Amino acid sequence: MQPEEVQPVQLLTPEGKLAENEVYTPFIAELGAEQLRELYRYMAMERRLDAEATSLQRQGQLALWAPALGQEAAQVGTIAAIKSSDMVFPTYREHAMALYRGISPEELLTMFRATRHTGWDPRKHNFHIYTLVLAAQTLHAAGWAMGINQDLRMGSLSRDRAEDEIVVACIGDGATSQGDAHESMVFAASYELPLLYFIQNNHWAISVPTRTQSRSPLVNRATGYGFEGVRVDGNDVLASYAVATKLSAEIRAGAGPKLIESVTYRMGAHTTADDPTKYRSSEEEQLWKGRDPIARYQTWLRAAGHADEGFFAEVDAEYKDLAADMRRSVLAMESIDLERVFDTVYSEPHGQVETEKAWLKDYEAGFAEEQTEAGTAG
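Just so it is clear: in the sequence shown, position 23 is 23 by the UniProt record's numbering, and no numbers are missing.
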């Protein structure tokens, strides 16, 4: 027996028309025209970043790229709703959230070009480095939230500051099936942590559809742990903002953890190493293309008189220049000395690290020998 479908909160229809909601509409009334245009700017910036990064990877200039195409509204609406002091623990696809926190495209791309472990200071932006191990960041987020509570108990953090800080754990639909996600939510509920789980359900865990890995809407998982979950239309930036605003305020007031299931769609590939045509239909892709979050929001901004053609032309020109700057900066990045990856594993010399350094040197020497043999044979 299939459980009843949970309808997501929606304030903006796919056609770009406002849909009234008694609970959530008041939360977007506070947004002025400039703030509304800012949401669009970051959504458009992320999409341009995706296009340029994908192109760079295809040309061999990036090792990999994980596009967030189609998920711009979910990310921008949520990050705009929380405070800059809130610590965010991302996966490896929260590019729009990173941009909103002031991380530059160049800083983002250093990781995907493999010139550094990360390109930004997590404490400066209150935005943790990307985590490639599925769901591991949910444990980090729970630990950080426990630290806030512990500092409050020990008196090392003022009550005003502690009550003003929450933590956001980003996670994809596929990673919710990982054990780490379960353990994190158990601790969050048990210790009433100031933690917001932000699930982006983009319908595909690489090639596995959400309907296969979960027989119930992901939002229902919150109930099992004893806290509230809300399902939102993740292609609606206004609804995403409203839901995150409401839940984050409740967490700050001491309500404990909350969960958002943002129902969106991964319009691109899982990564540039993936071919989605192998496992999903063109009909499905076309259906979701008609729900494009940027086109939807653009339509409403025009109709509501918050933005005109001059604004959209300005944004397009600005990000065209940004893409050119991205390309120049990536091509100018220096290759990393691979031995540097061992420097921050331990604070002092360690035998195992020295063994692995020696293995790396032997491995690299093997390529030199192959090149020498090839040259001799030629």
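Backbone N, C-alpha and C fix where the C-beta goes; we use that ideal spot for every residue, glycine too.
None of these values were measured; they are calculated from a predicted model.
Secondary-structure assignment with DSSP links A205 through a beta bridge to V208. Contiguous beta strand (DSSP E) elements confined to the segment 281 to 351 do not occur, taking only those with 3 or more residues. A direct Cα-to-Cα measurement between T110 and P209 gives close to 31 Å. Relative to the Cα of I28, the nearest Cα in the group Q61, T54 and T78 belongs to T78.
When Q35, L247 and D164 are compared, the shortest CA-CA separation from Y100 is found for Q35. Boundaries of the alpha helix (DSSP H) harbouring M43: A33 to R58, taken from the DSSP string.
CA-to-CA, the gap between K357 and R37 works out to about 50 Å. Annotation: the continuous alpha helix (DSSP H) that includes D151 extends over A136 to M154. With respect to V76, L39 sits close: the two C-beta atoms are nearer than 8 Å. Exposure of R215 is indicated by the presence of fewer than 16 other C-beta atoms within 10 angstroms of its C-beta. Secondary structure note for E228: its beta strand (DSSP E) is the uninterrupted segment E228 to D233. When DSSP states are grouped into helix, strand and coil, M267 belongs to the coil group. Contact between Q137 and F89 holds: their C-beta atoms lie close to 4 Å from each other, under 8 Å. Beyond the five residues adjoining it in sequence on each side, V6 comes within less than 6 Å, by CB distance, of P217, V219 and R231 in the same chain, given in chain order.
Note that the C-beta distance between I199 and I251 is not below 8 Å. Secondary structure at K258: strand, using DSSP grouped into helix, strand and coil. Per DSSP, I251 lies in no alpha helix (DSSP H) segment and is marked neither H nor E.
For V76, the enclosing alpha helix (DSSP H) starts and ends at E72 to A81. Considering only S335, K320 and A73, the residue with the shortest C-alpha distance to R296 is A73. Excluding five sequence positions before and after M333, the CB atoms of its chain that fall closer than 6 Å to its own CB belong to R113 and T115, given in chain order. A distance below 8 Å separates the beta carbons of L139 and D180. The C-beta distance from M87 to V167 rounds to 5 Å, short enough to meet the 8 Å contact threshold. Burial check for F367: the Cβ neighbour count within 10 Å stays below 16, so the residue is exposed. Rounded to the nearest angstrom, the gap between the Cα atoms of G16 and R211 is 28 Å.
Contact check for A33 and H306: beta-carbon distance about 5 Å, within the 8 Å limit, so the pair qualifies. Under the three-state reduction of DSSP output, L11 falls in the coil class, being neither helix nor strand. In terms of Cβ geometry, D164 and S85 form a close pair [threshold 8 Å]. Where I28 is concerned, the enclosing alpha helix (DSSP H) starts and stops at T25 to I28.
F112: member of the alpha helix (DSSP H) spanning P105 to F112, first to last residue.
In this structure, G254 lies away from F227, with their beta-carbon atoms at least 8 Å apart.
With fewer than 16 other Cβ atoms inside 10 Å of its own Cβ, Y279 counts as exposed. According to the DSSP assignment, G179 belongs to the alpha helix (DSSP H) that extends over G179 to S190. Counted as a single uninterrupted DSSP element, the stretch harbouring A66 is not any beta strand (DSSP E), since DSSP gives it neither H nor E.
Less than 8 Å divides the Cβ of T91 from the Cβ of G172. Of the candidates Q352, D321 and K361, the residue whose Cα lies closest to the Cα of D337 is K361. Residue nearest to V315 within the set I82, R48, E106 and L31 is R48 (criterion: CA-CA distance).
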